[in-house]
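Encoded as structure tokens, the structure appears first; notes follow it.
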Amino acid sequence: MLAIWLAVMLVTLYVLYSYITRVKYNCPGPSNWPVFGCLFQLESSRLHFSFDRWAKKFGPIILCKMASANVYVISCPRLIKKAFADKDYSDILNDRPDTFFAKYIMDDSKGVIFGKYGPTFIRLRKIMYKGLKMYGDGVQQFESMAHKELDKLIQSISDLGGKDFDPKPLLSRSLANLIGILLTGSMVDESDADLIWKYNNNVNDTVSMSTDVILYAFPFLRFMPVEVGRRYRRTIEAKKELLDKYFFSHKETYVPGCERGIIDALFNLQSQEKSVGDSQWLTDSQIKAFIQDIIFAGLLTTRNGLLCILLVLLHHHDSVDRMYQEIVEVVGLERSPSLKDRPAMPYTEALILEALRYVTHAPLAVPHGAMEDVEFEGYNIPKGSKIFTNIWTAHHDPAIWGDPWMFRPDRFLDDNGELLPPEHTLRQSLVTFGTGKRVCVGENLAKSRIFLYLTALIQKFDLRLPKRGNVPSDDPRTFLPGAILRPQDYMMRLTVR
635 MLAIWLAVML VTLYVLYSYI TRVKYNCPGP SNWPVFGCLF QLESSRLHFS
685 FDRWAKKFGP IILCKMASAN VYVISCPRLI KKAFADKDYS DILNDRPDTF
735 FAKYIMDDSK GVIFGKYGPT FIRLRKIMYK GLKMYGDGVQ QFESMAHKEL
785 DKLIQSISDL GGKDFDPKPL LSRSLANLIG ILLTGSMVDE SDADLIWKYN
835 NNVNDTVSMS TDVILYAFPF LRFMPVEVGR RYRRTIEAKK ELLDKYFFSH
885 KETYVPGCER GIIDALFNLQ SQEKSVGDSQ WLTDSQIKAF IQDIIFAGLL
935 TTRNGLLCIL LVLLHHHDSV DRMYQEIVEV VGLERSPSLK DRPAMPYTEA
985 LILEALRYVT HAPLAVPHGA MEDVEFEGYN IPKGSKIFTN IWTAHHDPAI
1035 WGDPWMFRPD RFLDDNGELL PPEHTLRQSL VTFGTGKRVC VGENLAKSRI
1085 FLYLTALIQK FDLRLPKRGN VPSDDPRTFL PGAILRPQDY MMRLTVR
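What the sequence shown shows, in our numbering, is residues 635 to 1131, in sequence order.
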């Protein structure tokens, strides 16, 4: 009888708490347990699946209580743009919330990606734009670096002689070299590349919302022999190794006035502040977080994005043929494709847009935070709430895309074969890199690298299925979980044209 009574009391408490939560916040969503909220209902390794399921059931704006956190999820492209780019809301909803990852891994929100909105964030963001060399004269500098690295990658693939190979190690090393050049002015050696990817892989596990919410609510778990604690400790170890190499060792060899890369440029800025007696805004903690921002956001997303796109193209060889034909017509075979060729290559641009939509390898953007209480679309969002951009559902909504699980680059072309204009509904419904004041700083860098790598490879090689074994599905619903998705490891062939 006691067990039955306790069960009844628990169910009653569960129903009552869920009802009170709905009334208080005036927003639909899954039911909640006291203390834990909806944590027991989440697919922790694939949070975007849970959000997608709830969006279909409750609508484009939902409230998920996760332990002590109010988590609002917006799944409609129009409402995403309204929340983060509309002048009535952008000053309120573009902060970053308090998270375990930002506090304990990213030096208490000192960088750009996880930094609190304000003058320091704006200043750091401008420095990152300049440092990534994607504006003005920096475009040519970046492209020159990229072509040198691509020449090495192409030679490495040619040396394989058309044999089956795993593209992940080659892409990992090549992209790490580019980041190394941006940061320090020189390519990375094998041990440094391993160090960079060790950090990236651990961060990809720890930054996930399900891990973060648990550790934020119960921070003592980071010291316990449980999986979330082990993830945290592995990430801290990888972070220490990374900063020993790219902050402390680099600072020891720093020569004032010399700029070998972005890190030296940051040290110079810091030194100039001290020399003129200004109050220091660029601290060591901010430089450390800045380095981590670039290494994580600048590598894992592009590497996994390219792995996803190559897998998709292995399943859609007709798209490879059309892209190659466009390269021949616009670029020819005597020179390498250039970023200046992009406007004349609508099919290639459409293919990249469609791949980013179809794959959506970053299904949930970094959460936003409410700086004050606000009413949005009739719902009350309290100060301090987390607001998630549910890119996964936005990019796979049948009401917008018709056949969202079909890879079809032509959806971004008009009847004349030209790229749809940016103001077209479908282009406006792409939110791959976010929108508004928190739009991804590396958007141009990511798109440019994807364009250069894909066109360089397809100009020189034909993409072929491996001679042995089968390639995994290109359906992104089958991809490996994490903050950044990637496909199962696969083999492929690239044969010289």
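Glycine included, each C-beta is placed from N, C-alpha and C at the ideal position. None of these values were measured; they are calculated from a predicted model.
- Around Leu998, the same chain offers Leu681, His682, Phe685, Met843, Phe1022, Thr1023, Asn1024, Ile1025, Trp1026 and Ala1117 as residues with beta carbons nearer than 8 Å, after the five sequence neighbours per side are excluded.
- Close CB contacts of Lys715 within its chain, under the 7 Å cut and outside five residues either way in sequence, are with Thr1069 (chain order).
- Taking 8 Å as the cut-off, the Cβ atoms of Ile1015 and Ala1004 count as close.
- Rounded to whole angstroms, the separation of the alpha carbons of Ile726 and Val1008 is 8 Å.
- In the structure shown, the three-state DSSP call for Thr917 is coil.
- Inter-residue distance for Tyr1013 and Ile695 is about 9 Å (C-alpha atoms, whole angstroms).
- Under DSSP, Gly819 takes part in no beta bridge, so it has no partner.
- Close CB contacts of Lys1094 within its chain, under the 6 Å cut and outside five residues either way in sequence, are with Ile788 (chain order).
- With three or more CB-CB distances shorter than 8 Å, the segment 1036–1047 counts as touching the segment 976–990.
- In the structure shown, Arg894 adopts coil according to DSSP, grouped into three states.
- Taking Lys721 as reference, the option from Val1075, Phe1010 and Leu1114 with the minimal CA-CA separation is Phe1010.
- Inter-residue distance for Leu1119 and Thr935 is about 9 Å (C-alpha atoms, whole angstroms).
- If you compare the alpha carbons of Asp839, Pro977 and Asp732 with that of Ile870, the shortest gap goes to Asp839.
- Ranked by Cα distance from Ile708, the first of Ala717, Asn666, Ile929 and Ser702 is Ala717.
- If you draw a straight line from the Cα of Asn1050 to the Cα of His1058, it comes to about 15 Å.
- In the three-state scheme derived from DSSP, where H, G and I count as helix and E and B as strand, Glu1009 is classed as strand.
- The beta carbon of Ile791 sits closer than 6 Å to those of Leu1128, all from its chain and outside the five residues before and after it, given in chain order.
- Where Ile695 is concerned, the enclosing beta strand (DSSP E) starts and stops at Ile695 to Met700.
- Asp927 is the residue among Glu1077, Arg937 and Asp927 whose C-alpha sits nearest the C-alpha of Gly749.
- Secondary structure at Thr1129: strand, using DSSP grouped into helix, strand and coil.
- Here DSSP, grouped into helix, strand and coil, assigns Val705 to strand.
- When DSSP reads this structure, Trp831 sits in no beta bridge, so it has no partner.
- Only buried fits Pro1001, as 16 or more other CB atoms lie within 10 angstroms of its CB.
- Burial check for Lys760: the Cβ neighbour count within 10 Å stays below 16, so the residue is exposed.
- Secondary-structure assignment with DSSP links Gly966 through no beta bridge to anything.
- Gly814 counts as buried, since at least 16 other C-beta atoms from the protein chains shown sit within 10 angstroms of its C-beta.
- In summary, Ala872 is buried, with 16 or more beta-carbon neighbours lying within 10 Å of its beta-carbon over all protein chains present.
- Residue range Phe734 to Tyr738 is occupied by the alpha helix (DSSP H) that includes Phe734.
- Counted as a single uninterrupted DSSP element, the stretch harbouring Ile1118 is not any alpha helix (DSSP H), since DSSP gives it neither H nor E.
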